[in-house]
Amino acid sequence: MMTKSGLQVWQLARWTLSVGTFFVAWEVIGRMNVLLTVKPFNAVMQQLWVSLTVGDLLEAAGGTLKLAAVGYVVSIAIGLPLGIITGLSRAVANVVDPIIDILWSVPMYMFIPLLALYFGLGFQGKLVLVVMFCFVLVTVNTAAGLRRVPKGLVDMGVVFGVTGIKSIAQVMLPSARPYIIHSLSITLGRAVEAAVGADLLLGIANLGGFLVDAGAKFQLEALLAGTFFIAVLAAGVVGLGRLLEWRLQYRKGFLSRLY
Amino acid sequence: MTVTAQARSGTEQQITRVTRKTWRRNSPATTWTSRLVVWGGILAAWEAAAHLDRRTFLPPIEEILLTGMPTIFKAGYVWTLVGSLRQLCIGFVIACAIAIPVGALMGRSRVLRDLLSPYVMTLFFTPVVALMPVLIITVGTGLTFRTTVVVLLAYFFPLVNTAKGVANVPVDLVETARAFGIPRYRTYLDIHIPSAFPYVVAGARLGLGLALNGMIVAELWAVHGTGGILLSLARHLQLAEWFALAFLIGGLAVVVNVGLKAYERRLAVKWGGTLASVVE
């Protein structure tokens, strides 16, 4: 027990060192003025504060997060039942799996010009893009979880008289739970990424609009502040997802599981 | 030992036959009949929608194959795609050249892993698309920009998987080798590399998929190459050509993915282990 907590302290120390080095290097390089786009960290943070309090960065983030959230919910509403069905039935999997494989391999960004044509540059088109990015992730992981249910577990259920739909609800789905929870967690990050991509490439708005606006006006501090904010926001959402996953799944030792 | 194991697996099979009727292997005939019906139905619905209502913007399938395909060859779009893929390869090779050694080091050393993982992880969680506006002001819209986007997207899975593979090298084999006085470089060649290799291949496959995404997204943003063509075809409503080009890109992606997956499976069989690919 002692060594484990000792290790975690060392780990935290190394992380702090590593992250600290990054910010110090950013500040120093910014002050040296060698790279046009690298403004000092200090100046970027001041700009970030201004954008957050006076400007519309918070509003923009709200718009993008709303898109991500709606897309996330729709993706789960499509992906989870599809994953359960393909995970349970070989007959359905035979037909659907090749299609899922194709959707998994094809670069989804490719469809942006087409989505603009079919669904417009507004919320609807962006929602479709986010869902296209996300639902396959849920489906694949859910199906994988159900297919890896240990046969012995199902058999034991049979011995105790748990069969059919009861076996699915009481044995197979609980056994696949870690996979399903994991997929819900990783899809969270994917949804934010897709939403930012949609706001940049499909219809320029929200956080994408903030970046494009700052770039067009050549306000480099604002551009860096926006980019930094998006990075922190995305990492925050992913971190929150992981934290919830650990709480649901393992309940202890979360630092040791980050990697 | 063997007898009990066999006996156990025998009963297991019997019980399995009773319980998981749904997961029994279907005959190829049944499989292909159901596939034919469902996939044919989807294509038929597409075809019907395309013919019944031109406002759906769906080009009929025969138009994609007979008009679209020849046009993208004649107009030279295929060569643009080849050029884009060459840039993708440059980016991917750079990504692997960085990711695999760094991943191997991170798998070996705990200190290095702790020091580098904040960067590796943060960069992975950051939407790379959000970095494009800064990148484009820094390096312009040229080859550097597009390669950088590919590298930023592609590095992660090769790195993490290599680290995982190196960390999972069988310790007992290494110690046995050491006990027999085998020189260290031989243990690296014969134990470390072969046991980490399936992980590296799995990582490379996932990285390649993301690299393709990176290529497309960078070219859409810079309105250049294949991405630029996809934009302009859609804008001019040349949808038969659009779908033909998309079909080529998608087909290539699927072939590479499925091929590498099959290779992974062969490696897994060869080394007698489990499939190294992670479920993302």
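For the record, the sequence lines run as chains P and U. No gaps in the numbering here: position 7 of the first sequence is 7 in the working numbering, and each next residue is one more. No gaps in the numbering here: position 148 of the second sequence is 407 in the working numbering, and each next residue is one more. Backbone N, C-alpha and C define an ideal beta-carbon position, used for all residues, glycine too.
Original post:
Can we say the region 225-236 of chain P touches the region 176-187 of chain P, given the rule of at least three CB pairs closer than 8 Å?
Top reply: no
Original post:
For the ligand NAD, any of its heavy atoms closer than 6 Å to the Cβ of Arg-494/U?
Top reply: In the structure on display, the ligand NAD does not appear, and there are no ligands present to speak of.
Subject >> Pairwise C-alpha distance: Met-380/U and Ile-181/P >> reply: Spanning the two alpha carbons is a distance of roughly 20 Å.
Original post:
Going by Cα to Cα distance, which pick from Leu-526/U, Phe-439/U, Gly-468/U and Phe-506/U is closest to Phe-351/U?
Top reply: Residue Gly-468/U is the option with its Cα nearest to Phe-351/U.
**OP:** At 8 Å on the CB atoms, spell out the chain P contacts of Asp-540/U, in chain order.
**Re:** Residue 540/U lies beyond the residue range present for chain U, which begins at 260 and ends at 539; the question has no answer from this structure.
**OP:** Find the residues of chain U that neighbour Leu-234/P, judging by a C-beta separation of less than 7 Å, and give them in chain order.
**Re:** Residue identity check: residue 234/P is Ala in the sequence provided, not Leu. Correct list: Phe-384, Thr-385 and Pro-386.
Original post:
What residues of chain P sit near Leu-526/U, judged by a beta carbon separation below 7 Å?
Top reply: Residues of chain P passing the Cβ test: none, with the nearest at roughly 19 Å.
Original post:
Applying a beta-carbon distance threshold of less than 7 Å, which residues of chain P neighbour Pro-377/U?
Top reply: Trp-15, Ser-18 and Val-19
Original post:
At a CB-CB cut-off below 7 Å, which residues of chain U make contact with Gly-189/P?
Top reply: Phe-384
**OP:** Pick out whichever of Asn-427/U, Pro-417/U, Glu-306/U and Tyr-378/U has its Cα sitting closest to the Cα of Ala-470/U.
**Re:** Closest option to Ala-470/U, Cα to Cα, is Pro-417/U.
Original post:
Exposed or buried, which one is Ala-13/P when buried takes at least 16 other CB atoms within 10 Å?
Top reply: exposed
Original post:
By Cβ distance, which residues of its chain are closer than 7 Å to Lys-280/U, with the 5 residues on each side in sequence left out?
Top reply: With a pLDDT of only 48 at Lys-280/U, under the threshold of 50, the placement of this residue in the model should not be trusted; the figure read from the coordinates follows. If we look at Lys-280/U and ignore the five residues flanking it on each side, it has no Cβ neighbours.
Subject >> Contact set between the region 461-493 of chain U and chain P, restricted to residues whose Cβ is under 7 Å from the partner >> reply: Within the region 461-493 of chain U, the qualifying residues are Gly-468, Leu-471, Asn-472, Ile-475, Val-476, Leu-479, Trp-480, Leu-489, Leu-490 and Ala-493.
**OP:** Give the range of the alpha helix (DSSP H) segment to which Val-154/P is assigned.
**Re:** 151-159
Original post:
Using a Cβ-Cβ distance under 7 Å, would Arg-90/P count as near chain U?
Top reply: yes
**OP:** Grab me the residues of Asn-516/U's own chain with a C-beta within less than 7 Å of its C-beta, minus the 5 sequence neighbours each way, in chain order.
**Re:** Arg-464 and Gly-468
**OP:** Figure out for me which residue from Ala-505/U, Ile-488/U and Gly-509/U has the closest Cα to the Cα of Gly-335/U.
**Re:** Ile-488/U
Original post:
Helix, strand or coil: how does DSSP classify Asn-285/U here?
Top reply: coil
**OP:** Could you spell out where the alpha helix (DSSP H) holding Pro-386/U opens and where it closes?
**Re:** Looking at the DSSP string, Pro-386/U is not in any alpha helix (DSSP H), and its letter there is neither H nor E.
**OP:** Please check the pair Ser-75/P and Ala-176/P, which I expect to be a contact at CB under 8 Å, by giving their CB distance rounded to whole angstroms.
**Re:** The Cβ separation is near 18 Å, so there is no contact.
**OP:** Along the alpha helix (DSSP H) that carries Asn-472/U, what are the first and last residues, could you check?
**Re:** 452-481
Subject >> Contacts that Val-196/P makes with chain U (C-beta to C-beta distance below 9 Å) >> reply: Pro-386, Val-388 and Ala-389
**OP:** Hey, could you find the ends of the alpha helix (DSSP H) Gln-124/P is sitting in?
**Re:** 123-147
Subject >> Terminal residues of the alpha helix (DSSP H) in which Asn-206/P lies >> reply: From DSSP, the alpha helix (DSSP H) with Asn-206/P extends over 206-216.
Subject >> Coil, strand or helix - Ala-527/U by DSSP >> reply: helix
Subject >> Nearest-angstrom Cβ-Cβ length linking Gly-79/P and Arg-147/P, presumed shorter than 8 Å >> reply: Not a contact, Cβ separation roughly 16 Å.
Original post:
Taking 7 Å as the CB-CB limit, is Arg-242/P close to chain U?
Top reply: no
Subject >> Cut-off 7 Å between Cβ atoms - residues of its own chain near Glu-322/U, not counting five sequence neighbours on either side >> reply: Ala-499
Subject >> Three-state secondary structure assigned by DSSP to Ser-18/P >> reply: Residue state, collapsed to three classes: helix.
Original post:
How many Å lie between Pro-360/U and Val-162/P at the Cα?
Top reply: 51 Å
Subject >> Neighbourhood of Gly-241/P by C-beta, 6 Å cutoff - its chain only, sequence neighbours within 5 removed >> reply: Ser-185 and Leu-188
Original post:
Closest to Leu-412/U by CA distance: which of Pro-319/U, Val-513/U and Met-474/U is it?
Top reply: Taking each of Pro-319/U, Val-513/U and Met-474/U in turn and checking the Cα distance to Leu-412/U, the smallest one comes out for Met-474/U.
Subject >> Nearest-angstrom beta carbon gap, Val-44/P and Phe-384/U [assumed within contact, 8 Å] >> reply: Actually they do not touch by this definition, with Cβ atoms about 19 Å apart.
**OP:** Tell me, please, whether the CB atom of Val-193/P is closer than 7 Å to any CB atom in chain U?
**Re:** It is worth fixing the name first, because residue 193/P is Glu in this sequence and not Val. Yes - at least one Cβ of chain U is within 7 Å of the one on Glu-193/P.
Subject >> Ile-165/P classed as buried or exposed, judged by whether at least 16 other C-beta atoms fall within 10 angstroms >> reply: exposed
**OP:** Please go through the same chain and pick out, in chain order, the residues whose beta-carbon is closer than 7 Å to the beta-carbon of Thr-407/U, but skip the five residues on each side of it.
**Re:** Non-local beta-carbon contacts of Thr-407/U in its own chain, meaning distances under 7 Å to residues more than five positions away in sequence, involve Leu-394 and Val-398 in chain order.
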